[in-house]
Structure formats: C-alpha cells, structure tokens
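The sequence shown runs -20 to -1, 1 to 272 under mature numbering (1 follows the signal peptide of the UniProt record, and there is no 0).
See structure below.
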Amino acid sequence: MPRGPCSLVRVSATPVAALAVALVSSLSRCSLLEPEDSVVSALSPYFGTKTRYEDANPGLLPDPEAPRRDPELLEETCTPVQLVALIRHGTRYPTTKQIRKLRQLHGLLQARGAKDDRTRAAGRGDLGAALADWPLWYADWMDGQLVEKGRQDMRQLALRLASLFPALFSQENYGRLQLVTSSKHRCVDSGAAFLQGLWQHYHPGLPTPDVADMECGPPRINDKLMRFFDHCEKFLTQVERNATALYHVEAFKTGPEMQNILKKVADILQVPVNNLNAGNVPVMLHLNSEII
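Written out as structure tokens, the structure is:
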C-alpha cells in the first residue's frame, strides 16, 4: 500500500492555468538495466507501483520521450487549463530493511537440503537452487536510494508531459514552477531529476545546472503535507497506536488462505513450510521484481 505522496509540483501559466504533479512515495524496485536491455516479463503487470513505465506501456520502448495521446482525449478546440497528476518516485534500491529480509530468505534457500527426488523425476526446474545461486549484491548503504534508472524515469516523464501539454510547460512558465517534496532522499532526487528533464527540454544540448540555480528553484520539503500519515493524529491514534486496528490483517496472515499459499511456495522452492511465514510473501515479491 502506498504510504503517501512525496512531492508536489505547481506552475501557473495564466490565472486559470495551473499544473500540479505529486510524486508518490511507494515501493519501487532497483533495476540497473540500460534502455536497450529492457525486459518485459509476463509477471511485470503484477508488480503494481513497482512496474516500470515501459512494462506498463511497451510503446515507450522505441521512444521513451514520445508522448502517447488518446486521439479523443484532447480535441483541437480544447485548451488545457489545469493538470493534476500523481506520480511515484523513480526506480530505487531496496531499503535496508528489505535488503536484510532478502538476505534471510536467500540464506534459507542456500541452507536447504538436496533437491527432492520427486522433483527430479517430474523433470521440474529447481527454482530454489536458481535463486540460491543468484548473487545477492545489495548493501545496507543503498537504503532506498534513487538509481540512475530512476533519474532517467523522471527526466523522460518530464519530457513526455512537456510535449503533451506545451502550453502549460512553456519556458515562460518554468520560473513559476514550485515543487514540494517529502524529505526522503529518493523523493528529493526524483524531483530534482524531473526539473532537470524540463530544463533539458527548454535548453537542448546545454549542460544542466544545479537545481538550486534554476529559475524555479530546488524542491521545497514539506513533510507535514507530503508525509501526512506521520502527522495525522487520527491515523496515529486509531491505527498506528491501536493494537486492535489491524486485527483482520493479522487474522489473514495466519488464516487458511495464507497457509495454502505458503505450502505452494514451499513446494516450489523445496524448503520446509515451517520455515516460511506471511512476512516472507512480500519479500518474495521484492525478490521477483528485482530479478525481473
């Protein structure tokens, strides 16, 4: 579940024309793939906010900077006066907490016994062995930081929006642009990359200056707005500090549906089902999204 937005952009073209863009702080996986190495997997649509733009829209693969407009969305007589978009931060490394959980699961796979004879007889591939051999190269210092692919995500998104709505994203309006972000480094860095993408749109071929030297200024941090869940007293009292608020969630984690899932996973990975719990399921999701 996304925990909340991490940055907000606003620009005014005329008294009635405005742009608002919010970068949402949600989980995203790290990918160091170069553009020409992009791989669209059959599983990609199931990763939610961790899905790459080019996986959700394969049309971006040949030209990631070209906008895709529905021919019926904007008629020639229609003039956009306001745009509001909710956008997550760019591709990032896993957080330190996620990395440590990945290590625990990876260690479980490496410590498992020899492959079951029934698996050999059935001719099934040993996915557990393949994952055990996968080099888990993440380090604690990475801790959710934006990777170059994430900066590229934001720069290209800015270019697509500028091409799609040229009147709102005009160079004259760039100085009026205000970007609000949370204090999370991946969100601040995503906002900076977004601004850099716009600057490159206005000044093609020129070196990109530091965001502090741009006409619009750097992203402004406002955690009370962008990380509202840390400051909303009702949420903190009724949910975060309420031991009974998540009763149904806890019941689901130990219920028959989850146990059935764990048995299937244990059978595929050839590990004892008693070594798995509901906490391993999101870790497996992250592990799959990292590899894919």
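The beta-carbon is built from N, C-alpha and C at its ideal position, and this holds for glycine as well.
With a cutoff of 8 Å on beta-carbon distance, L23 and E34 are scored as not near each other. When DSSP states are grouped into helix, strand and coil, V168 belongs to the helix group. Counting only residues of its own chain and dropping the five nearest sequence neighbours on each side, A172 has a CB closer than 6 Å to the CB of V191. Taken through DSSP and simplified to helix, strand or coil, L148 comes out as coil. When the beta-carbon positions are compared, R166 and L126 come within less than 8 Å of each other. Distance from the Cα of R140 is smallest, within the candidate group P44, N254 and V219, for P44. Under the criterion of beta carbons closer than 8 Å, S150 and D203 do not qualify as touching, at roughly 31 Å. Shown here for A112: same chain residues with a beta carbon closer than 6 Å to its own, the five before and five after excluded, namely L89 and Q90 in chain order. Beta-bridge partners of L126 (DSSP): R72. W114 and P146 have their C-alpha atoms spaced approximately 46 Å apart. Shortest Cα-Cα distance from G124 to any of R83, T76 and L148 involves T76. Spanning the alpha carbons of Q180 and A223 requires a straight line of approximately 50 Å.
In the structure shown, the three-state DSSP call for E45 is coil.
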